Amino acid sequence: MSIEINNESAIEVDEAAIQRLAVYALDAMHVHVDAELAIVLVDEGAMEQLHVQWMDEPGPTDVLSFPMDELRPGTEDQPTPPGLLGDIVLCPQVAEAQAKTAGHTLTDELLLLTAHGILHLLGFDHAEPAEEKEMFGIQRDILVGFAMQERRR
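The UniProt record's numbering applies: residue 1 is where the sequence shown begins, and numbers increase by one.
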């Protein structure tokens, strides 16, 4: 699996943990080992520009996902085809504020946002209540499974 992480923000983050979470999430969703994912961390100004350009909404946001080959989750017997999963853009400054509100670390928030972004790349959404229940349930399962794996490291 090719996962490129580029931190263009002014905040130091645990890129190795983000990388491990991405690998775990893609494995859990049965994404082909030859799939490619890019994760970029940007400051609030850059995120605001992307948010306005792509979502027509003001202000910075926490995470944006830009799917490329429209890959969907695979199964154990039939993983997704190889291809470009897409790009996830994270804003550590927004994530830091959310982490404080939620009572956890910046790393925990960035891991949650990375899982969330990956699910969006795989076609999940949360616009409707049933979609939200499904997506957030899978997201929770990924984060819990990843946390268990991390404890065994």
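A virtual CB, placed ideally from N, CA and C, is assigned to each residue, including glycine.
From a predicted model like this one, the values you see are computed outputs, not experimental measurements.
Extent of the continuous alpha helix (DSSP H) to which residue i belongs
i	result
G137	P129 to R151
A16	E15 to A28
Start and end residues, beta strand (DSSP E) containing residue i
i	result
D108	Here D108 belongs to no beta strand (DSSP E); instead the alpha helix (DSSP H) covers L106 to L121.
S2	S2 to N7
Own chain partners of residue i with C-beta closer than 8 Å, once the 5 adjacent residues on each side are dropped
i	result
F136	H126
D14	T107 and L110
Expected contact under 8 Å - CB spacing of residue i and residue j to nearest Å
i	j	result
D27	P82	In fact, because the Cβ distance is near 15 Å, the residues do not count as touching under 8 Å.
L41	S9	5 Å
Within 8 Å, strictly: CB atoms of residue i and residue j
i	j	result
H120	P73	no
A16	A115	no
L85	M68	yes
I39	E96	no
E44	P58	no
Same chain only: Cβ atoms within 7 Å of residue i, ignoring 5 sequence neighbours per side
i	result
Q98	D62 and E109
Cutoff 6 Å; reference residue i; Cβ partners in own chain excluding five residues on either side
i	result
S65	I88, G117, H120 and L121
Review point. Hey, which unbroken runs of the beta strand (DSSP E) at 3 residues or more fall wholly within the segment 27-97?
Key: DSSP runs (the beta strand (DSSP E)) wholly in the segment 27-97: 36-41, 63-67 and 84-90.
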